[in-house]
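Q: Sharing a structure, written as structure tokens. Questions coming.
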Ligand code: MTE
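Residue numbers (our numbering): 5 to 304.
Now the structure itself:
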């Protein structure tokens, strides 16, 4: 990711007033902690596993979406007129039943549920986002991956006329990400279509983005138009841009520093202080077994 001074990572505008904080605390995941959290504006003493949902205004105004701009606070304005209808997603590759889905059909066919996930950006900030969406597994089962399919490759729409960042040759567009097939089939892996019960906005990856909560945020690719089952490990945009900094697995790992900074703590947007980063972003019980045969210091 672009080198940014730490002073920029947490813009002052995102420090919330006491009033806003208390409102956010009311949405605490795990109500036992509500009283303790309300007592103080400085949440740096919160145990790493206690979450306050990030205010909607922060979720929609502090974004990484390099197709529009590298300025996190300008993505919302720059993506305002992004066309999200009509929208189709092509799902194919090593499958028996390739299919192109209109977004309306995906919304109808797969029941939408709310999932509150932590998102930990590789840059050292995090949010807690109530997504609505459906498990990717259901969609993949429908196209019937063949036994040759080992990985899933995702692609963001290529539309340089609407996405000015795509006119820069600094990155290899379109944005590409990938998962191993078992990661893609894991129930936590979500295709997100909404935030706080509202349809997802362009800045968050409308109309369809991935949310893989145990991996660094860059794996959660936005505005997806193509999903391909493949035999070989896909090369992502970030692996192309800086292979020594961004690996394929990108599991949140506080013990493996990024070459330019530590990953041991994070700044939760809307909170003062920093929190300890948890292995697999706090989802170890659910996903650690996927990696039992893998050295995660090498496969970062
Ligand atoms: N997807 C695309 N297509 N382009 C991007 O620049 N940024 C990634 C990820 N998905 C990105 C993307 C990064 S680095 C992060 S941290 C998350 O989106 C941020 O998601 P949010 O803005 O919805 O919080």
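All C-beta atoms in this analysis are idealised placements derived from N, C-alpha and C, irrespective of residue type, glycine included.
Nearest to residue 90 by CA position, among 302, 252, 227 and 192, is which residue?
A: Of 302, 252, 227 and 192, the residue nearest in Cα terms is 227.
Q: Could I get the ranges of all uninterrupted beta strand (DSSP E) runs contained in the segment 162-218, with 3 residues as the minimum, in chain order?
A: With a minimum length of 3 residues, the continuous beta strand (DSSP E) runs that stay inside the segment 162-218 are 180-184, 194-199 and 213-215.
Q: Out of 304, 297 and 234, state which residue places its alpha-carbon closest to the alpha-carbon of residue 248.
A: Cα-wise, what sits closest to residue 248 is 304.
Q: Give the C-beta separation of residue 283 and residue 258 to the nearest angstrom, bearing in mind that I take them to be a contact with Cβ-Cβ under 8 Å.
A: The pair is a contact, with the Cβ atoms about 6 Å apart (cut-off 8 Å).
Q: What is the C-beta distance between residue 95 and residue 135, in whole angstroms, given that I count them as a contact (C-beta under 8 Å)?
A: Going by Cβ atoms, the distance from residue 95 to residue 135 rounds to 20 Å, so no, they are not a contact pair.
Q: Do residue 187 and residue 86 have their C-beta atoms closer together than 7 Å?
A: No, the Cβ-Cβ distance between residue 187 and residue 86 is not below 7 Å.
Q: Is the closest heavy atom of ligand 1 to the C-beta of residue 84 under 6 Å?
A: Checking every heavy atom of ligand 1 against the Cβ of residue 84, none is found closer than 6 Å.
Q: Let's test the definition: count the other Cβ atoms within 10 Å of the Cβ of residue 224 and tell me whether it reaches 16, buried, or not, exposed.
A: It counts as buried.
Q: Cα separation between residue 88 and residue 279?
A: Their Cα atoms are separated by approximately 36 Å.
Q: Go ahead and pull the three-state DSSP assignment for residue 289.
A: Residue state, collapsed to three classes: helix.
Q: Residues bridged to residue 57 by DSSP?
A: In DSSP, residue 57 forms no bridge with anything.
Q: Determine which residues share a DSSP beta bridge with residue 90 and list them.
A: Looking at the DSSP assignment, residue 90 forms no beta bridge with any residue, so it has no partner.
Q: What first and last residue would you give for the beta strand (DSSP E) that runs through residue 233?
A: Run containing residue 233: 228-234, per the beta strand (DSSP E) assignment.
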